[in-house]
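The block underneath contains the structure these notes are about, expressed in C-alpha cells.
Chains as they are written, first to last, in this note's numbering: chain G, 532 to 791; chain Y, 471 to 926; chain V, 35 to 204.
Below, the structure written as C-alpha cells:
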C-alpha cells in the first residue's frame with residue numbers, strides 16, 4: 532500500500548478533468564467516511580481527488596427549483612424545509628454535519644452500514660443528479676443515478692419545492708448510530724405522492740407499490756415490502772426491517788396528511 | 471477529618487481541563503517505533519507454519535517477534551492464586567480466537583508496521599469452532615481449548631466451582647412450588663475511550679521503562695517479568711494515568727509484547743490499538759448462562775436453590791476461575807437461602823477471552839437473582855418487595871460459602887428504596903431490622919437452619 | 035503548508051490526506067486532542083476550526099490549510115482558566131479525563147455562539163461526544179452553569195444533580 536496520489540483541483544472544470552472517466556480514484560468531499568478508511572488501510576485507492584477547493588459548494592434557488600452543489604455541507608441544508616431538514620438533523624452530530632457533504636452522502640457506499648441518509652430523501656423529492664464521468668455529463672433522477680454512483684463525480688442535485696414532506700425513521704439512543712431504516716414521503720406541487728426508503732436495499736430505493744396504495748397508509752406500508760431488498764447488518768436484521776418498514780411508511784404518510 | 475463529608479475537587483481536575491495530564495500515548499520519546507500485531511484471522515485453527523522473513527527484510531522494520539522470542543510463553547495472569555496458565559503470549563501451535571496475536575512488528579511508522587504484519591506468512595489448518603457454552607458438553611462439540619471445553623483446575627483438580635450447603639433434597643421435598651428460570655446476560659465491551667496502549671523505552675544500563683495504561687501496575691510488572699524471566703528491577707513501570715479501564719485494563723494486554731519489541735530493536739516502541747482492535751480483540755465482560763431452580767413455600771420463603779452456571783471464558787481462562795468463584799460466593803444475591811447446590815463451570819469457547827469488569831462475577835448473578843425473585847413473586851401472586859424482605863440477609867445468616875454476615879444491608883436498603891419510589895411497605899417490614907431472625911421472621915421449617923444458634 | 039494553532043502559525047509537512055489529528059499530535063506535539071477512535075465516533079479529538087467544532091481525526095489537513103485551529107492548550111491565558119474549564123472542575127465533570135479535551139472544545143464553541151443552559155440544546159451541541167466514566171449529568175451541569183455565567187469556587191465541588199424516580203428524589 533502506497534499513499535494515494537492526491538489531486539486538489541481549484542475549479543469545477545479542473546475537478547471534472549481530474550476525475551476523467553473515474554476508475555481507481557477516491558473522491559474526498561468532507562472526508563468523514565474516506566479519511567479514516569484510507570488511514571486505516573481499509574480503502575487503498577491509487578488516486579484521491581480532494582474537492583474542498585473546487586468551487587462546488589453552495590445552494591441556489593431559481594423560482595421553485597433548488598440546486599445544491601455537491602460540496603455543500605450537510606449543515607447548510609437545515610434551512611431547506613421538510614423533508615430535508617428533518618433528515619439532515621438526524622445525520623450524526625453537528626460536527627459531522629458541518630464537514631460531511633451532500634455529494635458524499637449521496638454517493639456513500641453501504642458495504643458495512645446503511646450510510647447515505649439523503650438518498651431516499653432525494654428520491655422522494657424527485658431530485659435530479661448532475662454528474663460527470665465516463666460518457667461525460669449526465670443529468671438523471673436520483674433513483675437511476677444511485678446504482679452506478681461509484682463511477683460518477685456529482686456536481687449538484689436539484690429539485691422542485693414539494694407541497695409537503697415527511698420523514699419517519701428508526702430512532703436510536705445515540706447520535707453515532709447510523710439510521711437503520713428511514714422513509715421519506717413527499718407530496719409534489721401537483722399532488723403526486725412519492726416515497727423513498729433508506730436502509731432497505733443496497734442504496735436508497737423508491738417505493739412504487741407503496742406509492743400506488745398511498746391513500747391508505749397502512750396498506751401502503753404492507754405494499755412497500757414488495758419494493759425493497761432487506762438485509763442483515765450490524766445494527767438491524769432483515770427481520771426487524773421487515774417488521775418496521777410498514778410502520779415507517781404508514782407514519783410518514785400520516786405525517787404528510789397532517790401537513791395538508 | 472478534613473475530607474469526610476467535604477466536597478473536595480478532584481486532585482487532577484485542573485490538569486485534565488488544561489491538557490496537563492499525560493496519558494501513555496502522550497509520552498514523546500524521539501525515535502520511537504510503532505508496533506502492530508499479526509492477529510489470527512480464524513476462530514480456531516492449528517498453526518502449520520510461521521514465516522517472518524519477508525517482514526524482517528522490509529526497510530524500516532526493526533523487529534519482528536514470535537513465540538520463539540518469549541522465554542516463558544505461557545504464563546497465567548493469576549498463577550499466584552493457584553490458577554495455572556493456559557494462554558500463550560504469542561500463538562505457537564494453535565490459535566483459539568479471531569484476533570489472537572501470533573507475531574508483532576516494530577517499524578518506523580504505523581502504516582509500515584501494518585504492512586509488515588501483512589507480509590508475515592502463516593499457514594493454518596482451520597478447525598471447527600465453538601461459540602455456544604450450552605454446546606460445550608456435547609459429545610460431538612468442537613474442541614475449543616487444549617484442556618477440553620471447560621477449565622479443569624479448580625482447587626487443583628476440580629472441573630467446577632461447587633457449593634453444597636444444608637440439605638438440598640429436603641428443601642425441594644418441603645417446597646410448595648419449584649420456580650425455575652434461565653438467565654443469559656451477554657458479553658459487554660468496556661469501551662474505554664483510551665484504547666489499549668503502551669510505550670517501552672530502553673534505558674542505559676539495560677533497564678526498560680514501561681509506560682502503561684494498566685489498572686494494576688505491580689501485577690502487570692510481575693506478568694512482564696515472568697514472561698521474560700527477568701528480575702523486577704530490570705523493569706520500571708510508569709502508570710497511574712488510565713483513560714478509562716473499567717476492568718478491561720487489568721489484563722496485561724500490551725506491555726509484554728511491546729517490551730519484547732523494544733528489547734529486540736533496541737529502540738523505544740509504542741503500541742496503540744485501533745478502536746476496531748479494542749472492540750474486536752480486547753477482552754470483554756463474559757457472557758453467562760445461569761439456570762436457577764428455587765424450592766419455595768407458598769408464603770414466599772425460599773428454602774433451597776439449585777443453580778448451574780456456565781461462564782463463557784472465551785478462548786482462555788485469564789481471570790475467569792476467580793470470577794466464577796466470586797460468582798459462587800454471591801449466588802444467592804442479597805438474600806439468604808439455607809440449602810444450596812451450586813455448580814459453576816468456566817467454559818471455553820472460541821470467542822474473545824473475557825475478563826474483569828465492574829462487579830466481576832457478581833453483576834451476572836445479581837441480574838439473575840433479582841429477575842428470579844420477580845418471577846417467584848409473580849408465581850405466588852405476592853408483592854415482590856415482600857418476597858425480598860422475607861428472604862433478606864440478616865445478622866447471623868451465612869453466605870453461600872459459610873461466612874457469617876455481621877452487618878448486612880439488604881433490609882435498610884430495601885426500606886429506603888421503597889420509600890424513595892413511594893411504595894408503602896406493610897408495617898411489619900417498615901420496622902424490620904437486620905437483627906437475628908425470630909418470631910414470624912422465622913417459620914418453623916427454618917428455625918433449625920436460620921435461627922440464632924444460641925437459642926437451640 | 036501553514037495552519038495557525040492557538041494564534042501561532044505553524045508549518046506542516048504532512049501529506050494532504052493526513053488527518054488534522056495526526057498532524058497535531060505526531061508532527062506538532064499538540065497533545066490535547068486524543069486519538070480515541072480515529073473514525074469520528076467518540077469526540078475525543080474535537081478542536082475548533084475557524085470557530086467551528088470539528089473532529090480532527092476526520093479532517094484532511096489540505097482542507098484546513100490556512101485555518102485558525104484552537105485546542106485546549108489555547109483556552110486558558112496567563113494561568114486564568116476560562117469559565118467552562120472552571121465549571122468542569124467545580125462540577126466534577128472529568129474523571130479519567132480522556133474525553134475532556136473534546137468536550138471542552140465543543141462546549142466552548144457552544145458557549146461562544148451564545149448557547150443557553152437549556153438541556154436539549156446542550157445535548158444537541160455535545161451529542162457526538164462519548165464519556166464512559168462520569169456519565170453525562172455532571173457535564174451538562176458544568177456547561178449549563180457556565181452558560182448562566184456563574185462563578186466557580188475551585189476549592190470545592192458543587193452538589194450534584196439528584197436522581198429522581200417517579201418524582202421522588204433519591
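Every residue, glycine too, gets a C-beta built ideally from N, C-alpha and C. Keep in mind it's a predicted model, so treat the numbers as computed, not measured.
Positions along the stretch 105 to 127 of chain V whose CB lies within less than 9 Å of some CB in chain G: Here the close residues number zero.
Within-8 Å CB hit, residue 478 of chain Y to chain V: As a position in the second chain, residue 478 of chain Y is number 8, starting the count at 1. Yes, because at least one Cβ of chain V sits closer than 8 Å to the Cβ of residue 478 of chain Y.
Of the listed residues Y:698, Y:710, Y:740 and Y:691, nearest to residue 722 of chain Y (C-alpha basis): By one-based count along the second chain, residue 722 of chain Y stands at place 252. Per the Cα distances, Y:691.
Distance between residue 673 of chain G and residue 692 of chain G (C-alpha atoms, nearest Å): The residue labelled residue 692 of chain G in the question sits at position 161 within the first chain. The residue labelled residue 673 of chain G in the question sits at position 142 within the first chain. Cα to Cα, the separation comes out at about 16 Å.
Presumed contact (8 Å Cβ cut-off) between residue 608 of chain G and residue 619 of chain G, rounded CB distance: Here residue 608 of chain G corresponds to residue number 77 of the first chain, with the count starting at 1. Here residue 619 of chain G corresponds to residue number 88 of the first chain, with the count starting at 1. The distance from the Cβ of residue 608 of chain G to that of residue 619 of chain G is about 5 Å, consistent with a contact at the 8 Å cut-off.
Short CB-CB distance (under 8 Å) between residue 712 of chain G and chain Y: Taking the first residue of the first chain as 1, we reach residue 712 of chain G at position 181. Not closer than 8 Å to any Cβ of chain Y, the Cβ of residue 712 of chain G fails to qualify, so no.
Contact list for the stretch 625 to 658 of chain G against chain V, Cβ threshold 7 Å: Within the stretch 625 to 658 of chain G, the residues whose Cβ lies closer than 7 Å to some Cβ of chain V are 625, 626, 627, 629 and 630, listed in chain order.
Where the beta strand (DSSP E) through residue 580 of chain Y begins and ends: As a position in the second chain, residue 580 of chain Y is number 110, starting the count at 1. Segment 580 to 588 is the alpha helix (DSSP H) holding residue 580 of chain Y; no beta strand (DSSP E) there.
Terminal residues of the beta strand (DSSP E) in which residue 88 of chain V lies: Numbered from 1 along the third chain, position 54 holds the residue referred to as residue 88 of chain V. Run containing residue 88 of chain V: 86 to 89, per the beta strand (DSSP E) assignment.
Distance between beta carbons of residue 699 of chain G and residue 754 of chain G, contact taken as under 8 Å: Locating residue 754 of chain G in the first chain gives position 223, where the first residue counts as 1. Locating residue 699 of chain G in the first chain gives position 168, where the first residue counts as 1. That belief does not hold up - the Cβ atoms of residue 754 of chain G and residue 699 of chain G are roughly 16 Å apart, past 8 Å.
Reduced DSSP category for residue 898 of chain Y - H, G, I as helix; E, B as strand; rest coil: Taking the second chain and counting its residues from 1, one reaches residue 898 of chain Y at position 428. In this structure, DSSP gives residue 898 of chain Y a helical state, which the three-state scheme calls helix.
Straight-line Cα distance separating residue 597 of chain G from residue 689 of chain G: Mapped onto the first chain, residue 689 of chain G falls at position 158. Mapped onto the first chain, residue 597 of chain G falls at position 66. Each residue's Cα considered, the two are about 5 Å apart.
Buried or exposed by the 16-neighbour rule on C-beta atoms within 10 Å, applied to residue 904 of chain Y: As a first step, residue 904 of chain Y must be located in the second chain, where it is residue number 434. Residue 904 of chain Y is buried by the Cβ-count criterion.
Classification of residue 575 of chain G by the beta-carbon crowding that lies within 10 angstroms, buried from 16 upward: As a first step, residue 575 of chain G is located in the first chain; it is residue number 44 there, counting from the start. Using a 10 angstroms sphere on the CB of residue 575 of chain G, the tally of other CB atoms stays under 16, which defines it as exposed.
N- and C-terminal bounds of the beta strand (DSSP E) containing residue 36 of chain V: Within the third chain, the letter at position 2 stands for residue 36 of chain V. 36 to 39 is the span of the beta strand (DSSP E), which, as asked, contains residue 36 of chain V.
Collapsed DSSP secondary structure at residue 573 of chain Y in the structure displayed: Reading the second chain from its first residue, position 103 is the one you call residue 573 of chain Y. Residue 573 of chain Y sits in a strand when the DSSP states are folded into three classes.
Residues of the stretch 704 to 728 of chain Y with Cβ closer than 9 Å to any Cβ of chain V, in chain order: From the stretch 704 to 728 of chain Y, only 711, 712, 713, 714, 715 and 716 have a Cβ closer than 9 Å to chain V.
Chain-ordered chain Y contacts of residue 571 of chain G [CB-CB under 8 Å]: For this step, residue 571 of chain G is matched to residue 40 along the first chain. Neighbourhood of residue 571 of chain G in chain Y, by CB distance below 8 Å: 744 and 746, in chain order.
Simplified DSSP assignment, three categories, for residue 772 of chain G: Within the first chain, the letter at position 241 stands for residue 772 of chain G. In this structure, residue 772 of chain G counts as helix in the three-state DSSP scheme.
At least 3 beta-carbon pairs within less than 8 Å: the stretch 769 to 776 of chain Y vs the stretch 608 to 615 of chain Y: With the cut-off at 8 Å, the stretch 769 to 776 of chain Y and the stretch 608 to 615 of chain Y do not touch.
Through-space distance from residue 828 of chain Y to residue 799 of chain Y, alpha-carbon basis: If you number the second chain from 1, residue 799 of chain Y lands on position 329. If you number the second chain from 1, residue 828 of chain Y lands on position 358. Residue 799 of chain Y and residue 828 of chain Y: Cα-Cα distance of roughly 17 Å.
Where residue 703 of chain G sits in the DSSP three-state scheme: Along the first chain, read from residue 1 onward, the residue named residue 703 of chain G stands at position 172. DSSP, reduced to helix, strand and coil, places residue 703 of chain G outside both helices and strands of the structure shown, so it counts as coil.
Rounded separation between residue 69 of chain V and residue 183 of chain V - CA only: The count along the third chain starts at 1 and reaches residue 69 of chain V at position 35. The count along the third chain starts at 1 and reaches residue 183 of chain V at position 149. Taking the straight line joining both Cα atoms gives about 32 Å.
Within chain Y, partners of residue 189 of chain V - CB distance below 9 Å: Position 155 of the third chain holds residue 189 of chain V. By Cβ distance, chain Y contributes 478 and 479.
Contacts around residue 663 of chain Y, its chain only, beta-carbon distance under 6 Å, and the 5 residues preceding and following it disregarded: Against the second chain, residue 663 of chain Y aligns to sequence position 193. The answer, listed in chain order, is 713 and 714.
Sub-8 Å separation of residue 670 of chain Y and residue 739 of chain Y beta-carbons: Translated into the one-based positions of the second chain, residue 670 of chain Y becomes position 200. Translated into the one-based positions of the second chain, residue 739 of chain Y becomes position 269. It is a contact, given that the beta carbons lie within the stated cut-off.
Neighbour flag for residue 60 of chain V against chain G, beta carbons, 8 Å: Position 26 of the third chain, counting from 1, holds the residue named residue 60 of chain V. It does not; no Cβ of chain G falls within 8 Å.
Cβ pair count under 8 Å reaching 3, the stretch 581 to 596 of chain Y against the stretch 751 to 766 of chain Y: Output reads no: the stretch 751 to 766 of chain Y does not touch the stretch 581 to 596 of chain Y.
Classification of residue 88 of chain V by the beta-carbon crowding that lies within 10 angstroms, buried from 16 upward: As a first step, residue 88 of chain V is located in the third chain; it is residue number 54 there, counting from the start. The residue in question, residue 88 of chain V, is buried, as its Cβ has 16 or more Cβ neighbours within 10 Å.
Proximal residues, the stretch 533 to 544 of chain G versus chain V, C-beta separation under 9 Å: Per Cβ criterion, the list reads 534, 535, 537 and 539.
Within-8 Å CB hit, residue 131 of chain V to chain B: Absence of chain B from the displayed structure is noted, the protein chains being G, Y and V.
Under 7 Å from the C-beta of residue 138 of chain V: neighbouring residues of chain Y: Taking the first residue of the third chain as 1, we reach residue 138 of chain V at position 104. Residues of chain Y passing the Cβ test: 487.
Beta-carbon proximity check, residue 571 of chain G vs residue 744 of chain Y, cutoff 8 Å: On the first chain, position 40 is the one that residue 571 of chain G refers to. On the second chain, position 274 is the one that residue 744 of chain Y refers to. Residue 744 of chain Y is positioned such that its CB atom lies closer than 8 Å to that of residue 571 of chain G.
At least three beta-carbon pairs within less than 8 Å, the stretch 550 to 565 of chain Y to the stretch 483 to 499 of chain Y: In short, these stretches do not touch, since the Cβ pair count stays below three.
Buried versus exposed, by CB contacts within 10 Å (16 or more), residue 188 of chain V: Stepping through the third chain from its first residue, residue 188 of chain V is reached at position 154. The residue is exposed, with fewer than 16 neighbouring Cβ atoms inside 10 Å.
Beta-carbon proximity of residue 603 of chain Y to residue 506 of chain Y, cut-off 8 Å: Numbered from 1 along the second chain, position 133 holds the residue referred to as residue 603 of chain Y. Numbered from 1 along the second chain, position 36 holds the residue referred to as residue 506 of chain Y. The answer is no: Cβ separation not under 8 Å.
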